[in-house]
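See below for the structure under consideration.
As structure tokens, then:
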């Protein structure tokens, strides 16, 4: 509109200049005379005013574009901070991935144990629930709940901010398109104006500034587009993390069940140990007592075995701990207990699982000749129950008691064995 008005007045000036000062007015047909200079002056003044108005509009447009560029720069800084936060989050997700790999390996091991335990539990049957173990595992799950909630908050933040970011990108693109259209129109309008040298230089500087701002805005748009792709990648990673956390939750549930089963199995094994000891302790004590009393010729009446297989020896009707007795008496009591325990195992195994072999190493060293003789009599008695009794000893005087001897002899060429 301003360009048309300027052209209109320029055409009037050209028409007056063609008529000249001595000509007549084309409208009223009166001689121009002195009004010729005044009309030219007024028309030139109007053109100058219109040009000033046009320059003022361009200056306002320049300021608006500058503000838009500052706004985009602020958005770019915010996007940079968000990118730094996303990089930190990416590092944390990598650490969680490594933890997940470790947990997966541990889970594989636990699954193997669980399979074996299930086979045992099927044979055992129903068991009691361990409330303490359940509460401990429940507390462990509660400790994991806080990290999971933090992750959920981050996922919600991305879902909430992503639509706004897309809208900002679209709005920025539209603003750049409008600015380009405005610039094209202004360049066309400027081409039709008759500027003086100073006005032309000022207008050219304005266009240069606009182009510079346009370049900055284009770079900002590209940065926002890059941020858009980064947001999409981050959302994909977070979705993967959600799926991984769901798998971890399932694994925690499996571990709770496994811990419960292991607790029940431990209780059953403890009860099994108690039941076995209740069954074999009396027979072990009786067998060991009879043999111990016979070898000591009634000096010590009996041996008593408790649930931990610690034993006491009766002397004068009173049971005393083994620390009260000499080393030879303790060794003799151990000898009797080993035989009694072997017989108890035979009874538990049944007729089809008989133990046919006994072995003793240096059991005579701490005994006197009389007790050695009694121990040999006891071993001869055991021949009826065991096919082989193997004894290691360095005492030469005992050779005559054994029907078969494997003797180790030392010579210049080393050691050798000889059957006798």
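In the working numbering, the protein residues as written are 1178 to 1597.
We put the beta carbon where it would ideally sit given N, CA and C, even for glycine.
- The beta-carbon separation of residue 1514 and residue 1490, rounded to 11 Å, does not stay under the 8 Å limit for a contact.
- Contact annotation, residue 1249 with residue 1394: C-beta distance approximately 5 Å; criterion of less than 8 Å satisfied.
- With a threshold of 16 other beta carbon atoms within 10 Å, residue 1244 falls short and is exposed.
- Per DSSP, residue 1588 is one residue of the beta strand (DSSP E) stretching across 1583-1588.
- By the Cβ neighbour-count rule, residue 1567 is exposed, with fewer than 16 other Cβ atoms within 10 Å of its own.
- Bounds of any alpha helix (DSSP H) do not take in residue 1592; it lies within the beta strand (DSSP E) bounded by 1591-1596.
- Residue environment for residue 1196: exposed (fewer than 16 other C-beta atoms within 10 angstroms of its C-beta).
- Judged by their CB atoms, residue 1287 and residue 1432 are nearer to each other than the 8 Å cut-off.
- For residue 1508, the uninterrupted alpha helix (DSSP H) run begins and ends at 1504-1526, by DSSP.
- In the three-state reduction of the DSSP assignment, residue 1378 falls in the helix class, which pools H, G and I.
- CA-to-CA, the gap between residue 1276 and residue 1291 works out to about 22 Å.
- Taking C-beta atoms under 8 Å as the contact rule, residue 1533 and residue 1501 fail to qualify, at a distance of about 36 Å.
- Collapsing the DSSP output to three states places residue 1481 in a strand.
- The residue among 1396, 1459, 1410 and 1548 with its C-alpha nearest the C-alpha of residue 1247 is 1396.
- By the Cβ rule, the stretch 1213-1223 does not count as touching the stretch 1349-1368, because fewer than three pairs are nearer than 8 Å.
- Within the model, the alpha-carbon separation for residue 1477 versus residue 1483 is close to 18 Å.
- Pairing residue 1467 with residue 1543, the inter-Cα distance amounts to about 21 Å.
- In this structure residue 1509 touches residue 1472 by the C-beta definition: roughly 6 Å separates them, less than 8 Å.
- At least 8 Å separates the beta-carbon of residue 1402 from that of residue 1260.
- In this chain, the alpha helix (DSSP H) harbouring residue 1556 covers 1546-1559.
- Of the candidates 1241, 1518, 1493 and 1343, the residue whose Cα lies closest to the Cα of residue 1463 is 1518.
- The beta carbon of residue 1216 sits closer than 7 Å to those of 1193, all from its chain and outside the five residues before and after it, given in chain order.
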